[in-house]
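Beneath this line is the structure, given in structure tokens, with notes to follow.
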Amino acid sequence: MLVCLALLPSLLPFLWNQFLGLIITVIGTFIFCIIYIKIRNLMKNLYFNSPDFLEQKNNITSTIKEFNDIAEYAKSIPNNNCFKAKKVIGEHIHLASFENTSRYNYRRDRNIRTYNNDKVYPASLYIVKRSSEEPIKYLCKYFDIEASEESLKQLEEISENISRIENTLGNLKNRLENIKNNVQVPKYIIKYYEQDLIQHLEVNVPDINIEYTRYVFEYVSNSGNSSQRTTITFNNETVEAVCQYLLEQIQYNKSIQAQRSLMTNRLRNYIKERDNYTCQICGASTKEQSLLLLEIDHIFQFLKADYLHEIICKHYVGNVTAQNQIKYYKL
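One point on numbering: in this note's numbering, the residue at position 195 of the sequence shown is 195, and numbering is uninterrupted.
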């Protein structure tokens, strides 16, 4: 100990120099980073105003316009795909108030039961467990999805909206990658300024996330100490399973409403394969245009036993006339 104390005066200059060296290194690194970022931003601004970039942007103007058109179309697709039941869970909950009047101030709020959400069903533990084993049956029973053609029609519309928005967003993702691949830019632009690149190209990427409704069976014990839940995501697979379940519950007849309810994702894929992924109006095909956006269009009932569908590209979505009806699918 005495030896260390004796050496301390001779070590102080060395330690001080090491400390100063560390401080200078940190300050130097900080200044270098600031200068580097400033220079990089300057290079970015110079590049986005350069003739080379402006020429490349001009060469893909039509591609960008088509992307933006589809992006606007995506915004028009309904994205609140919730089944509208006739009865609403907890619709009168606001008419009452609840208060814990326990004399000894027992804790009852570790897990709080949900009452004011029509997507959450407060249930017994048995129902929560059974709903995880038979989700479709319990979903229909407790969330009032009746076995009727009206329900089937609503479910078909939900399935169609989900399919349209999934298909459209997937198409936009592929188109965006294609645009970025067709523009030859420096690597540092892609690495640090990808969003700036998209903005300067005037590509309007829609801020859309697919909203799948989630139905919940929730159990909370009276003491609030225990809680369990089963969650059912209302995606296309669930919607089609619900349709199939309801069809088994009702006496099926081939009315227009019932036939429309059979437009499932599986049938959409079948129609696309049947029509060779080709628009039945203009003849455009994914073989020639890999980024072509195709959708299935409902036509009309030609005979009582037949219901017609065909595949059309984005240019004719919602704008089909009787003269354009070519293909049909016999149910």
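Glycine residues also receive a C-beta, built at the ideal position from the N, C-alpha and C atoms.
Alpha-carbon to alpha-carbon, E177 and E66: Locating residue 66 in the sequence shown gives position 66, where the first residue counts as 1. Locating residue 177 in the sequence shown gives position 177, where the first residue counts as 1. C-alpha separation (whole angstroms): 14 Å.
Buried/exposed call for C243, threshold 16 Cβ in 10 Å: Sequence index remark: in the sequence shown, residue 243 carries index 243 (1-based). So C243 counts as buried.
Where P337 falls: helix, strand or coil (DSSP): It is not possible to answer for residue 337, since the shown part of the chain is limited to 1 through 331.
L20, buried or exposed, once every other Cβ within 10 Å from all chains shown has been counted against 16: Translated into positions along the sequence shown, residue 20 becomes position 20. Classification for L20: exposed.
Distance between beta carbons of L291 and N171, contact taken as under 8 Å: Within the sequence shown, numbered from 1, the residue matching residue 171 stands at position 171. Within the sequence shown, numbered from 1, the residue matching residue 291 stands at position 291. About 7 Å separates the two Cβ atoms, so the contact holds.
Sheet register partners of F217 (DSSP bridge): As a first step, residue 217 is located in the sequence shown; it is residue number 217 there, counting from the start. Bridge partners of F217: Y121 and T230.
Limits of the unbroken alpha helix (DSSP H) element including S163: Numbered from its first residue, the sequence shown carries residue 163 at position 163. Counting along the chain, the alpha helix (DSSP H) containing S163 begins and ends at E149 to N182.
P13 versus V26 - alpha carbon distance: The count along the sequence shown starts at 1 and reaches residue 13 at position 13. The count along the sequence shown starts at 1 and reaches residue 26 at position 26. Between P13 and V26, the C-alpha separation is close to 20 Å.
Coarse secondary structure for N17, derived from DSSP in three states: Here residue 17 refers to the residue found at position 17 of the sequence shown. If DSSP states are grouped into helix, strand and coil, N17 belongs with the helices.
I189 vs Y277 beta-carbon contact at 9 Å: For this step, residue 189 is matched to residue 189 along the sequence shown. For this step, residue 277 is matched to residue 277 along the sequence shown. No, these two residues do not count as a Cβ contact at 9 Å.
Pick from T61, F30 and L155 that is closest to N182, judged by C-alpha positions: By one-based count along the sequence shown, residue 182 stands at place 182. Of T61, F30 and L155, the smallest CA-CA separation from N182 is found for T61.
Burial state of P186, where buried means 16 or more other Cβ atoms lie within 10 Å: As a position in the sequence shown, residue 186 is number 186, starting the count at 1. Classification of P186: exposed, given that the 10 Å Cβ count is below 16.
The region 141-152 in contact with the region 197-206 per 3-pair CB rule at 8 Å: no
CA-to-CA distance, E237 to A71, given in whole angstroms: What you label residue 71 is simply residue 71 of the sequence shown in a count that begins at 1. What you label residue 237 is simply residue 237 of the sequence shown in a count that begins at 1. Distance between the alpha carbons of A71 and E237: 25 Å.
As assigned by DSSP and simplified to three states, the class of T333: The requested residue 333 is not part of the displayed model; the chain covers only 1 to 331.
Residue closest to A241, alpha-carbon to alpha-carbon, out of R130, R266 and N80: Numbered from 1 along the sequence shown, position 241 holds the residue referred to as residue 241. Ranking R130, R266 and N80 by Cα distance to A241 puts R266 first.
Assumed close pair N161, I77 - CB separation to whole angstroms, cut-off 8 Å: Taking the sequence shown and counting its residues from 1, one reaches residue 161 at position 161. Taking the sequence shown and counting its residues from 1, one reaches residue 77 at position 77. The pair is a contact, with the Cβ atoms about 6 Å apart (cut-off 8 Å).
Endpoints, alpha helix (DSSP H) assigned at C243: In the sequence shown, counting from the first residue as 1, residue 243 sits at position 243. Where C243 is concerned, the enclosing alpha helix (DSSP H) stretches over N236 to Q249.
Outcome for A322 when other beta-carbon atoms lying within 10 angstroms are tallied against a minimum of 16: Your numbering for residue 322 matches position 322 in the sequence shown. Below a pLDDT of 50, predicted positions are generally treated as unreliable, and A322, at 33, falls in that range; the measurement from the model is reported next regardless. Result: exposed.
Integer-rounded CB distance, given that Y219 should sit under 8 Å from A123: For this step, residue 123 is matched to residue 123 along the sequence shown. For this step, residue 219 is matched to residue 219 along the sequence shown. 6 Å between Cβ atoms; contact.
Buried versus exposed call for N81 [16 or more other C-beta atoms within 10 Å across all chains shown]: In the sequence shown, counting from the first residue as 1, residue 81 sits at position 81. By the 10 Å Cβ count, N81 comes out buried.
Separation of K173 from N49, as counted between CA atoms: Here residue 49 is taken as the residue at index 49 of the sequence shown, counted from 1. Here residue 173 is taken as the residue at index 173 of the sequence shown, counted from 1. Using only the alpha carbons, I get a separation of about 26 Å.
Spatial distance of A85 from I232 (CA atoms): Residue mapping note: residue 85 aligns to position 85 of the sequence shown, counting from 1. Residue mapping note: residue 232 aligns to position 232 of the sequence shown, counting from 1. Near 16 Å, if we compare the C-alpha coordinates of I232 and A85.
Proximal residues to Q184 (C-beta, below 8 Å), its chain only, five neighbours per side dropped: Working through the sequence shown from its first residue, we reach residue 184 at position 184. Contacts found: Q56.
I296 - DSSP class collapsed to helix/strand/coil: Position 296 of the sequence shown, counting from 1, holds the residue named residue 296. It is a strand residue.
Whole-Å CB distance - R268 paired with I296, under 8 Å assumed: Indexing the sequence shown from 1 puts residue 268 at position 268. Indexing the sequence shown from 1 puts residue 296 at position 296. R268 to I296, Cβ: 5 Å. Contact.
Inter-residue spacing [alpha-carbon to alpha-carbon] between L139 and F217: Numbered from its first residue, the sequence shown carries residue 139 at position 139. Numbered from its first residue, the sequence shown carries residue 217 at position 217. Approximately 9 Å between the Cα atoms of the pair.
9 Å Cβ cutoff met for A96 and T168: Here residue 96 refers to the residue found at position 96 when the sequence shown is read from its first residue. Here residue 168 refers to the residue found at position 168 when the sequence shown is read from its first residue. No, the pair does not count as a contact, with Cβ atoms beyond the cut-off.
Enclosing alpha helix (DSSP H) for I335 [first to last residue]: Residue 335 falls outside the range modelled here, since the chain spans only 1 to 331, and no answer is possible.
Candidates Y36, E211, E133 and F143, of which the one nearest Y121 by Cα: Within the sequence shown, the letter at position 121 stands for residue 121. If we check each option's Cα against that of Y121, F143 comes out closest.
N45 (DSSP reduced to helix, strand or coil): The residue you call residue 45 lines up with position 45 of the sequence shown. DSSP places N45 in helix when its eight states are reduced to three.
Helix, strand or coil at I132 according to DSSP, with G and I counted as helix: As a working note, residue 132 is residue 132 in the sequence shown. Looking at the sequence shown, residue 132 is not Ile but Ser. Reduced to three states, the DSSP call for S132 is helix.
Short Cβ contact (9 Å threshold) for T286 with S132: Indexing the sequence shown from 1 puts residue 286 at position 286. Indexing the sequence shown from 1 puts residue 132 at position 132. In this structure, T286 lies away from S132, with their beta-carbon atoms at least 9 Å apart.
Exposure of Q333, with buried meaning 16 or more beta-carbon neighbours within 10 Å: With the chain represented from 1 up to 331, any question about residue 333 goes unanswered, as that position is not in the structure.
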